[in-house]
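Numbering (the working numbering), first residue to last: 3 to 483.
Every residue gets a Cβ at the ideal spot worked out from N, C-alpha and C, and that includes glycine.
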């Protein structure tokens with residue numbers, strides 16, 4: 003009978019953890035998928051709606067940049083008004099914006115809808131992590147967060163395949179229509195299956211949000227427009243100078259404000275600073291490379307959108323095999339060796355691609371680079387979330403989640419802007435030779451950036467230990483009604 007009693011005690015917890023993992027992973031999958039789901043559809047979007055290279059960059063960066071600058075605010079909104087409630091709000095905004103993106107008739111409207119998607123994603127993404135962390139005991143957190151991180155990695159990686167398949171067999175508009183039924187199905191599940199929770203002393207930092215948003219927008223705008231307008235042109239110089247000054251103000255604000263959006267004291271923790279810096283650099287190199295490679299396979303290789311996605315599968319499908327093992331292994335040996343190895347392999351993979359890329363390169367010659375990149379990405383994604391959350395106390399997990407995701411998305415936006423700037427400076431659209439002339443140096447830059455990320459990740463402590471949590475009377479949790 004004692005064993006039966008134990009079963010009665012454990013079953014509700016297991017069901018709760020399972021539902022939390024399924025719901026938060028599905029919601030985060032939607033948000034992460036839309037980072038790169040449009041990249042294989044870009045030629046079709048360009049043909050249908052028109053637009054320059056800069057316009058195509060904004061169809062991706064309009065989402066990632068808005069996502070990045072509002073993520074920390076999204077986490078703070080959840081801490082203050084309820085994480086479950088705000089997750090539903092974010093998912094609703096994301097779903098409505100997806101429908102709007104499918105209905106637009108011009109490139110400007112698509113960019114605006116993508117930006118609104120980013121607002122919804124910025125609210126839902128950090129809250130999936132904090133809700134999952136609260137639902138899983140510390141002893142099982144590595145595996146659970148490894149699965150959550152792997153799902154995000156799969157979403158980012160499978161974006162080109164999903165986008166290519168949908169574009170070829172339906173139309174690019176259906177990339178966004180697919181989000182609508184998933185969002186509608188998740189909303190009642192969130193309400194019924196996830197507990198409500200609030201963060202301690204949650205305050206909204208509007209000045210900090212404004213400084214970060216305006217500063218990052220100015221810098222990304224300047225990098226995207228640099229080659230087209232000239233790096234010494236007034237708009238570009240203004241964006242760089244004013245954006246940098248505003249970010250400096252944001253850092254000062256984070257040091258001296260009583261309740262800042264991003265407390266700079268978090269970066270005094272070596273593990274937190276190292277994993278987040280490495281993540282920013284990883285996304286910078288990876289996002290920019292995928293943005294260009296998906297177009298290379300179509301514009302130079304002559305593959306259809308669907309064929310392009312299939313040929314990227316050795317890269318994108320690898321997390322299915324490697325990430326669960328990496329997540330479990332990180333519980334045993336710590337996250338640092340797994341993250342460092344993953345980043346090193348991702349850098350090597352991009353370097354291999356840069357070394358072989360040519361107008362007449364065969365797919366067989368590209369395959370080793372794709373496989374190595376896939377293994378590296380899987381090893382990085384699986385333990386990264388657990389490394390972040392293990393460096394802070396429970397009271398700081400909302401801020402840490404928002405900061406971590408924001409820096410990743412910022413890296414993605416900067417990566418597309420920076421690598422596309424190198425691509426257009428050394429080559430560009432037009433004859434295949436011209437495209438390859440721009441792609442090779444951009445890939446070398448991506449490989450070098452991820453290589454630096456691997457070196458930075460060596461600074462992560464061998465065994466991450468969160469600061470002791472301080473009990474707060476206003477840390478509240480409610481069971482679903």
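In terms of residue numbering, what span does the alpha helix (DSSP H) encompassing residue i cover?
| i | result |
| --- | --- |
| residue 57 | 55-83 |
| residue 48 | 44-51 |
| residue 262 | Segment: none, residue 262 is in no alpha helix (DSSP H) and carries neither H nor E. |
| residue 180 | First-last for residue 180: undefined, no H or E at that position. |
| residue 301 | 272-301 |
Give me whichever residues DSSP pairs with residue i in a beta bridge.
| i | result |
| --- | --- |
| residue 170 | DSSP output for residue 170 lists no bridge partner at all. |
Using DSSP with H/G/I as helix, E/B as strand and the rest coil, what is residue i?
| i | result |
| --- | --- |
| residue 464 | coil |
| residue 128 | helix |
| residue 370 | helix |
| residue 138 | coil |
| residue 314 | coil |
| residue 240 | helix |
| residue 19 | helix |
| residue 307 | helix |
| residue 429 | coil |
| residue 36 | helix |
| residue 233 | coil |
| residue 388 | helix |
| residue 104 | helix |
| residue 27 | helix |
| residue 439 | helix |
| residue 405 | helix |
| residue 395 | coil |
| residue 375 | helix |
| residue 206 | coil |
| residue 415 | helix |
| residue 215 | helix |
| residue 246 | helix |
| residue 454 | helix |
| residue 380 | helix |
| residue 424 | helix |
| residue 95 | helix |
Within 10 Å of its beta-carbon, does residue i have 16 or more other beta-carbons around it, so buried, or fewer, so exposed?
| i | result |
| --- | --- |
| residue 201 | buried |
| residue 472 | Summary for residue 472: the model assigns pLDDT 39, below 50, so the residue's position carries little reliability; its value from the coordinates is reported in the next sentence. It counts as exposed. |
| residue 157 | buried |
| residue 260 | exposed |
| residue 143 | buried |
| residue 366 | exposed |
| residue 3 | In this prediction, residue 3 scores a pLDDT of 43, lower than 50, which makes its location untrustworthy; the coordinate-derived value is nonetheless stated afterwards. With fewer than 16 Cβ atoms within 10 Å of its Cβ, residue 3 is classed as exposed. |
| residue 105 | exposed |
| residue 267 | exposed |
| residue 390 | buried |
| residue 2 | With the chain represented from 3 up to 483, any question about residue 2 goes unanswered, as that position is not in the structure. |
| residue 49 | exposed |
| residue 14 | Because the pLDDT at residue 14 is just 40, under 50, the model does not fix this residue reliably, and the point stays unresolved. |
| residue 500 | There is no way to answer for residue 500, as the model of the chain reaches only from 3 to 483. |
| residue 236 | exposed |
| residue 257 | exposed |
| residue 334 | exposed |
| residue 295 | buried |
| residue 116 | buried |
| residue 255 | buried |
| residue 272 | exposed |
| residue 240 | exposed |
| residue 265 | buried |
| residue 409 | buried |
| residue 478 | Here residue 478 scores only 44 on pLDDT, less than 50, and its place in the model should not be relied on; the value that follows carries that caveat. Exposed, because fewer than 16 other Cβ atoms sit within 10 Å of the Cβ of residue 478. |
| residue 81 | buried |
Report whether the distance from the Cβ of residue i to the nearest heavy atom of the ligand FAD is below 6 Å.
| i | result |
| --- | --- |
| residue 278 | This structure lacks the ligand FAD; in fact it carries no ligand of any kind. |
Does any residue of chain D bring its CB to less than 7 Å from the CB of residue i?
| i | result |
| --- | --- |
| residue 171 | Of the protein chains in the structure, only one exists, and it is not chain D. |
Could you name each continuous alpha helix (DSSP H) segment of 4 residues or more that falls completely within the stretch 319-358, going from the start of the chain to the end? For the alpha helix (DSSP H) assignment, the uninterrupted runs of no fewer than 4 residues enclosed by the stretch 319-358 are, from N- to C-terminal side, 320-335 and 337-358.
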